[in-house]
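>
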Amino acid sequence: MPLEIERKFLVRGEYKSLSVAHSHIVQGYICSARGRTVRVRLRDDKAYLTIKGPSGQGGLSRYEFEKEITKDEGLSLLRLCEPGIIDKIRWIVPAGKHFYEVDEFFGENAGLTVAEIELSAEDEPYLRLPFIGEEVTGDRKYYNSQLRQRPYSTWNE
Numbered sequence: 006m007p008l009e010i011e012r013k014f015l016v017r018g019e020y021k022s023l024s025v026a027h028s029h030i031v032q033g034y035i036c037s038a039r040g041r042t043v044r045v046r047l048r049d050d051k052a053y054l055t056i057k058g059p060s061g062q063g064g065l066s067r068y069e070f071e072k073e074i075t076k077d078e079g080l081s082l083l084r085l086c087e088p089g090i091i092d093k094i095r096w097i098v099p100a101g102k103h104f105y106e107v108d109e110f111f112g113e114n115a116g117l118t119v120a121e122i123e124l125s126a127e128d129e130p131y132l133r134l135p136f137i138g139e140e141v142t143g144d145r146k147y148y149n150s151q152l153r154q155r156p157y158s159t160w161n162e
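Residue numbering for the sequence shown follows our numbering, starting at 6 and increasing by one per position.
Okay, here's the thing in structure tokens:
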């Protein structure tokens with residue numbers, strides 16, 4: 006069973022000059038029930054359908070299935086999604102043998118920037134780069150499916 010193991014952090018500092026690539030991502034959720042999500046993602050000129058299971062170990066790991074679909078299929082499926090779309094630029098920043106995926110959000114989530122690093126084991130060591138701030142792994146409010154329902158711009162209300 007494919008398992009996603011990742012840590013998530015707030016970003017506090019400059020990272021774009023360290024980036025080796027970036028892409029525009031628009032995504033929506035067909036299902037965002039607690040313990041399972043079905044996501045449709047457009048990433049530049051490609052589209053993906055992703056199913057994720059419940060998080061274990063404090064949000065550090067969970068089942069993930071992803072399949073590339075055509076862009077037309079992705080656009081059609083986006084119309085079936087629950088209200089609220091995630092719009093972001095993902096910056097890829099190398100860190101030793103790993104990469105941080107730094108998501109700069111737009112729209113109702115503008116002002117929020119989060120970095121994730123995927124690991125092959127929950128206890129695998131990794132480099133913590135200078136722009137990495139507070140760890141928020143397992144904090145549901147930073148899940149994209151939750152940002153769709155309760156955007157960052159509403160957190161001080």
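Every residue gets a Cβ at the ideal spot worked out from N, C-alpha and C, and that includes glycine.
I believe G138 touches S60 by the beta-carbon criterion, under 8 Å. Please report the beta-carbon distance rounded to the nearest angstrom.
Not quite, the Cβ-Cβ distance comes to about 21 Å (not below 8 Å), so this is no contact.
> What do you get for A126, buried or exposed, if any count of 16 or more other CB atoms within 10 angstroms of its CB means buried?
Exposed: under 16 other Cβ atoms inside 10 Å.
> Would E109 pass as a contact of K13 if the rule is Cβ separation under 9 Å?
Going by C-beta atoms, E109 is not nearer than 9 Å to K13.
> Only counting the same chain, and skipping five residues up and downstream in sequence, which positions put a Cβ closer than 6 Å to that of I56?
Within the same chain, I56 has close Cβ partners V43 and F70.
> R155 by DSSP, collapsed to three states: which one?
If DSSP states are grouped into helix, strand and coil, R155 belongs with coil.
> Within 10 Å of its beta-carbon, does T75 have 16 or more other beta-carbons around it, so buried, or fewer, so exposed?
By the neighbour-count rule (16 or more Cβ atoms within 10 Å), T75 is not buried but exposed.
> Take I10 as the anchor and find which of L134, T159 and D128 has the nearest alpha-carbon.
That would be D128, whose Cα lies nearest to the Cα of I10.
> What does the Cβ neighbour count give for W160, buried or exposed, with the cut at 16 atoms within 10 Å?
So W160 ends up on the exposed side.
> Can you give the beta carbon distance from Y20 to F136, rounded, assuming they're within the 8 Å contact cut?
About 4 Å separates the two Cβ atoms, so the contact holds.
> Exposed or buried, which one is K72 when buried takes at least 16 other CB atoms within 10 Å?
Exposed, since its Cβ has fewer than 16 Cβ neighbours within 10 Å.
> Hey, could you find the ends of the beta strand (DSSP E) G40 is sitting in?
Run containing G40: none; DSSP gives neither H nor E here.
> Just to confirm my understanding: we take T118, look at its own chain, exclude 5 residues before and 5 after, and list those with CB closer than 6 Å. What are they?
So the qualifying residues of the chain are V16 and E109.
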